[in-house]
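In the numbering used here, the protein residues as written are 2 to 228.
This is the structure we're talking about:
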């Protein structure tokens with residue numbers, strides 16, 4: 002199974018269809034996942050599995066999510082806990098955070114929201130798991146395919162990401178359009194060279210590079226990133 006460098010997630014819910022849905026989604030994202038249908042099973046699994054993240058449903062028969070949260074935290078595990086709570090139960094969210102939960106997600110929720118919460122917890126509690134490299138004002142996290150520029154996350158398409166990565170990693174060096182097409186679009190790309198200009202323009206907009214001081218145009222030669 003293709004895992005995100007062994008990042009482990011424990012899912013705990015007494016509804017099998019929810020577990021199956023979340024397990025398939027998170028496994029597809031590259032996480033190593035184990036599941037538990039009740040609190041006791043969750044405690045035992047957590048001891049052996051040692052998850053980075055535990056996602057606990059509050060409402061379970063027998064040992065509920067609160068008890069599981071307290072037991073995991075009491076054990077001294079470094080597990081970050083996300084509670085799943087009912088939409089209108091503010092008391093649940095307050096209680097969960099009080100006993101040691103790190104975050105909560107309100108039902109019903111989107112899978113994308115849960116992913117964002119997981120990534121936020123991992124970045125906060127396990128920053129060493131992320132392969133971040135600094136290039137001047139740029140922070141590149143290739144594992145998450147994310148660029149941060151001057152402390153601001155850039156919303157980039159996959160091609161924009163690869164183009165900016167190529168230019169930033171070769172900062173100070175002029176890259177011709179032909180070289181960019183070969184490295185970013187691939188040697189078998191059959192389109193026009195002006196596609197590079199279109200993407201450069203978009204990157205400049207997202208970098209607020211109105212004066213072209215970050216991505217410079219070198220007439221007759223190509224482009225160069227300076228910082």
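For each residue, glycine too, the CB sits at the ideal point set by N, CA and C.
The DSSP assignment places complete beta strand (DSSP E) segments of no fewer than 3 residues inside the stretch 43-121 at 54-58, 81-86, 104-107, in order along the chain. Distances from the CA of residue 138 to each of 190, 21, 226 were compared; the closest alpha carbon is that of 226. Relative to the Cα of residue 118, the nearest Cα in the group 104, 126, 128, 109 belongs to 104. Looking at 86, 142, 40, 130, the one whose alpha-carbon comes closest to that of residue 71 is 40. Contact between residue 101 and residue 83 fails: their C-beta atoms lie close to 12 Å from each other, not under 8 Å. Under the three-state reduction of DSSP, residue 20 is assigned to helix. By the criterion of at least three beta-carbon pairs nearer than 8 Å, the stretch 123-132 is not in contact with the stretch 156-173.
Look at residue 162 here: in three-state DSSP terms it is helix. With respect to the 7 Å criterion, residue 161 and residue 178 are not classified as neighbours on the basis of their beta carbons. Secondary structure at residue 14: coil, using DSSP grouped into helix, strand and coil. The stretch 15-27 and the stretch 146-157 do not touch, with fewer than three beta-carbon pairs separated by less than 8 Å.
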